[in-house]
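Residue numbers (this note's numbering), protein chains in the order written: chain A, -13 to 150; chain B, 216 to 550. C-beta: ideal position from N, C-alpha, C; glycine also. Note that this is a predicted model, so its numbers are computed, not measured.
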Amino acid sequence: MSKVIIINTEKCTGCRMCEVSCALKHSHECNPERSRIRVVITEVDGRATFVASTCMQCETAMCELVCPTGAVGRSYTTGARIIAPDKCIACGSCSVACPFGACFVDRKIGRSVVCDQCGGDPVCVAVCPTGALRYAEADEANIHLRRAGSRSTSAAMLNVRPRR
Amino acid sequence: MVDTILYFIEGPIMETLLYVFGFAVLIRCLCFAASVLVTSLRATERLQVDDILRTFVGALAPLHRLFAARPIYVTVRYVFHVCMVVTPVWYYGHISYFEMSDLEWYWPPLPDGVVDRLTLTVLFLALFFLFRRLMLDEVRRDSSPQDFILLTVTAAPYLTGYYVTHSLPAPLSFLENHMLDLHIISGEVMIVSVIFLFCTTRLARKKCVGCTACVEQCPTGTLTFQDTSDARTIRYANYLCICCASCMETCPEQAASLRHELSIRKFFNLFRYALNTVAFSRCRNCGALYAPEPQVLKIDRLLEARGIASSEHAGYCSRCKKIVHSSVGAQSAAG
């Protein structure tokens, strides 16, 4: 069974350590725009809410369905979604199709990139100071999803205009 | 009268044209060098000189990038171009003109039999391209009158030259008497048209979705894109293009094509011009413009064909997706 990065929205403080570490690790540049995990800040009545978001490792992946060159696949070792850099033509189909906006075209390298879980040892999980990010089995993630859904924490955020 | 025409077209006019041709080639080389220099000065780390050289040599060698996709067509096209250059340059009659001129240049000619066969190859393949253009639906739809003019201009000197060397009977007596004049004039027309001949990329407006895959794959930075507030423009510089066909090869919509084009305007055009403009789609939640509209529609269609209610996915910008769909996902998982 493959592992996923579980995000606990209630623990996230929006410190963006995950963004910075991811950008440093993958692009050797302290540029959150090139990070594969992003923190979205929304505001409800002057009260800010933070959601970190990265690749959800969908079983039926939209990115894989729409990729014209078949560049999207899975890693043999971790089971994580990977985009083969030699096949990717940077058309951005995956980023349009992805339900979570996880993959994007990195214009500096001219390829589409997505969270590869750092090959089994995600750096964002290691640096997260509050423990909002956890690297766990996908089964466990499903339990977390159900709990989160029953609490419907994020339902209130549906009709909110995000701060730009 | 006839002799005066012949004197002029094979004497001063031809001489001037050859000088103009050499000058024009020099200008085009300079324009290419200047464009590459300006781009490499402006570019970051993306411009790779060895890649440019490799594609340039690859374009001259028989193994073109498109060889794997269409081996027969690429081979035929290559043979056609080689024959087209070799035939007039290594023909004894042409070399003797240079030998008799003030330059006194001489290079060993090919035997007449070989040149004959090369000429026939050119004519046969020109017929092949003509029929291909007329018979194949997809090619005919893309054809413009200029394509046929170009084919005629190319084939005419070879046809008349074959008539002249073999003294074949022509359909009209006028044609038969003036075949040499016609041969020289058609050759001169060809020389002039080569000056203004460009092989340029075109994007089919109906097919192109504005994904900029061609821009990312272009080794010389010929193709660029510019995002304005509501539209994306893909731009192209004709002097930077080395006709490597990587845009054709990479385009996921088969919208890009490399086509011969006679254009006086392009000869004087050192700057980029717009190939295609696509409008941006608006995010349903925040109203931000985030992706080219045709691409969003295409992804919608693709996902719908796979039985996935897709408008939910493609309709939002990547920022709003993270909010909207994380909650939707959580709810559907709970339900």
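{"Item": "Please decide whether residue 78/A counts as near chain B, where near means a Cβ-Cβ distance under 7 Å.", "Value": "yes"}
{"Item": "Here's the rule I'm using: 16 or more other beta-carbon atoms within 10 Å means buried, otherwise exposed. How should residue 398/B be labelled?", "Value": "buried"}
{"Item": "From residue 122/A to residue 99/A, what distance separates their C-alpha atoms?", "Value": "22 Å"}
{"Item": "Let's test the definition: count the other Cβ atoms within 10 Å of the Cβ of residue 535/B and tell me whether it reaches 16, buried, or not, exposed.", "Value": "buried"}
{"Item": "Within 7 Å (strictly less), CB to CB, does residue 10/A reach chain B?", "Value": "no"}
{"Item": "Looking only at DSSP bridge pairs, what is residue 27/A linked to?", "Value": "36/A"}
{"Item": "Can you tell me whether residue 257/B is helix, strand or coil according to DSSP?", "Value": "helix"}
{"Item": "How do the region 41 to 54 of chain A and the region 396 to 410 of chain B stand: do at least 3 beta-carbon pairs fall below 8 Å, yes or no?", "Value": "no"}
{"Item": "Give the residues of chain B in contact with residue 96/A, contact being defined as C-beta atoms less than 9 Å apart.", "Value": "261, 430, 431 and 432"}
{"Item": "Does the beta carbon of residue 119/A sit closer than 7 Å to a beta carbon anywhere in chain B?", "Value": "no"}
{"Item": "Let me know the secondary structure DSSP gives residue 388/B once reduced to three states.", "Value": "helix"}
{"Item": "Please classify residue 34/A: is it buried, with 16 or more other beta-carbons within 10 angstroms of its beta-carbon, or exposed?", "Value": "exposed"}
{"Item": "Please check if any C-beta of chain A sits within less than 7 Å of the C-beta of residue 471/B.", "Value": "no"}
{"Item": "Is the distance from the Cβ of residue 302/B to the Cβ of residue 330/B below 7 Å?", "Value": "yes"}
{"Item": "If distances are taken between C-alpha atoms only, which option among 354/B, 334/B, 393/B and 347/B comes closest to residue 369/B?", "Value": "334/B"}
{"Item": "Give the straight-line distance between the Cα atoms of residue 120/A and residue -5/A, rounded to the nearest whole angstrom.", "Value": "11 Å"}
{"Item": "Skipping 5 residues on each side, what residues in its chain have a beta carbon closer than 8 Å to that of residue 92/A?", "Value": "13, 20, 98 and 99"}
{"Item": "Taking C-beta pairs closer than 9 Å, name the residues in chain E that residue 24/A reaches, listed in chain order.", "Value": "Protein chains A and B are contained in the structure displayed, whereas chain E is not."}
{"Item": "At a CB-CB cut-off below 7 Å, which residues of chain B make contact with residue 54/A?", "Value": "467"}
{"Item": "Of all Cβ atoms in chain A, is any one closer than 7 Å to the Cβ of residue 529/B?", "Value": "yes"}
{"Item": "Could you please tell me which residues of the region 490 to 520 of chain B, in chain order, have their CB closer than 7 Å to any CB of chain A?", "Value": "501, 506, 510, 511, 514, 517 and 518"}
{"Item": "Compare the Cα-Cα distances from residue 507/B to each of 432/B, 428/B and 473/B and report the closest residue.", "Value": "428/B"}
{"Item": "DSSP on residue 128/A, reduced to helix/strand/coil?", "Value": "helix"}
{"Item": "Tell me the rounded alpha-carbon separation between residue 295/B and residue 244/B.", "Value": "24 Å"}
{"Item": "Express the C-alpha separation of residue 89/A and residue 77/A in angstroms, rounding to a whole number.", "Value": "12 Å"}
{"Item": "Are residue 102/A and residue 66/A close, meaning C-beta to C-beta below 7 Å?", "Value": "yes"}
{"Item": "So residue 83/A contacts chain B; which residues on that side make the cut at Cβ distance below 7 Å?", "Value": "514, 518, 528 and 529"}
{"Item": "For the region 375 to 386 of chain B against the region 420 to 439 of chain B, do three or more pairs of beta-carbon atoms, one drawn from each stretch, fall closer than 8 Å, so that the two count as touching?", "Value": "no"}
{"Item": "Since residue 451/B contacts residue 490/B with CB under 8 Å, what's their CB separation in whole angstroms?", "Value": "5 Å"}
{"Item": "With which residues is residue 98/A paired in a DSSP beta bridge?", "Value": "91/A"}
{"Item": "If the cut-off is 9 Å on Cβ atoms, which residues from the region 412 to 429 of chain B count as contacting chain A, listed in chain order?", "Value": "424, 426, 427, 428 and 429"}
{"Item": "From the DSSP output, read off the bridge partner residues of residue 14/A.", "Value": "DSSP output for residue 14/A lists no bridge partner at all."}
{"Item": "Within 10 angstroms of its Cβ, does residue 447/B collect 16 or more other Cβ (buried), or is it exposed?", "Value": "buried"}
{"Item": "Between the alpha carbons of residue 82/A and residue 23/A, how many angstroms are there, rounded?", "Value": "17 Å"}
{"Item": "Please list the segments of the beta strand (DSSP E) lying wholly inside the region 401 to 445 of chain B, counting only runs of 3 or more residues, in order along the chain.", "Value": "412 to 418 and 438 to 442"}
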